[in-house]
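Visitor:
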Amino acid sequence: MKARILSISALALVAIAPAFGSAKLMEGDTSPIGVSFRLGGFFPIDHTARDAANTWFTGGLDYKLQDLGKSMIEGRTAYLSLSLDYTAKSDWSIVPVLVNYVARSGSSYYFAGAGAAFTRFPDGVGGTENKARFSYQIGAGFDLTTGRYPVFAEVKYVGSDQARFAGISTTLGVRF
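For any residue, its number in the numbering used here is found by taking its place in the sequence shown, counting from 1, and adding 11.
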C-alpha cells in the first residue's frame with residue numbers, strides 16, 4: 012500500500028510539472044516545453060523475471076527540470092530531468108522515479124539517472140510483495156523528427172539493487 016501511495020504521488024508530481032512550462036506556450040514559443048512521453052518494451056535480464064514473460068510493457072514520462080548549459084563533453088549541452096516509468100507484466104511491476112543527467116549533441120543524447128523504484132513481485136506463496144529500492148538507468152536516444160512535437164527512440168539499461176528488476180528497455184516517444 013505504501014508503494015502504491017508513493018507511486019501515485021510521484022505520478023501526480025510528474026503530471027503537474029508541465030504547468031510550470033506552460034508559460035512558454037502563452038508567449039507563442041513553439042519549441043517543446045520539456046515533457047516527454049514514451050511507450051515500448053522491457054526485456055528482463057533475470058531468469059525469474061523472464062518466467063513472467065520475455066517482453067514486458069513499459070511506458071514513461073520525463074520532465075526537464077533545469078538547463079545546465081554546456082556539458083562536461085565539449086560541444087554538448089546538458090540538463091537535469093525527472094523521470095517516471097511504469098514497467099509491468101503479470102504480478103510484477105517496477106516504477107522507478109529518477110533524477111537524470113542528460114547530455115545532448117544535435118539529434119542524439121545520452122543520459123544516466125538514479126533514484127527509487129517501487130516494485131511489486133510474487134512472494135512465492137501466492138501473494139505479492141511491495142518494496143521501495145534503489146534504482147538507476149543509463150541509456151541513449153535519438154530524435155527521429157524535429158519541430159514542435161519531436162519523435163524520438165531510446166534504448167536504456169534499467170538496474171536495481173536486485174538483479175531481478177534489471178533489464179533493457181526500448182521505446183518510442185514524443186516531446187511536448
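Even glycine gets a Cβ: it sits at the ideal position worked out from N, Cα and C.
All of these numbers come straight from a predicted model, not from anything done at the bench.
(1) Closest by CA to LEU109, which one among ALA64, THR157, THR156 and TYR147?
(2) If you measure between the beta carbons of ASP57 and ARG175, is that distance less than 8 Å?
(3) ARG49: which of THR157, ASP73, THR156 and TYR168 sits nearest, CA to CA?
(4) Rounded to the nearest angstrom, what separates ASP78 and THR98 at their Cα positions?
(5) Would you mind sorting THR182 into buried or exposed? The rule is 16 or more other CB atoms within 10 Å of its CB.
(6) Is GLY152 closer than 8 Å to PHE163 when the C-beta atoms are compared?
(7) Grab the span of the alpha helix (DSSP H) containing ALA60 for me, first residue to last.
(8) Closest to LEU95 by CA distance: which of ALA114, SER119, GLY70 and TYR121 is it?
(9) Could you name each continuous beta strand (DSSP E) segment of 3 residues or more that falls completely within the region 150-176, going from the start of the chain to the end?
(10) Going by DSSP, what residue range makes up the beta strand (DSSP E) through ASN111?
(11) Using CA atoms only, rank isn't needed, just tell me which of TYR160, LEU155 and ASP102 is closest to ALA60.
(12) Whole angstroms are fine: how far does the CA of THR139 sit from the CA of LEU155?
(13) Exposed or buried, GLU38, counting other C-beta atoms within 10 Å across all chains shown (16 or more means buried)?
(14) Please confirm whether GLY184 and GLU165 have their CB atoms less than 8 Å apart.
Guide: If we stick to the structure as given:
(1) TYR147
(2) yes
(3) ASP73
(4) 28 Å
(5) buried
(6) yes
(7) 58-61
(8) GLY70
(9) 162-171
(10) 103-116
(11) ASP102
(12) 39 Å
(13) The predicted model places GLU38 with a pLDDT of 47, which falls under 50 and marks its position as unreliable; any figure quoted below should be read in that light. Answer is exposed; the Cβ neighbour count stays below 16.
(14) yes
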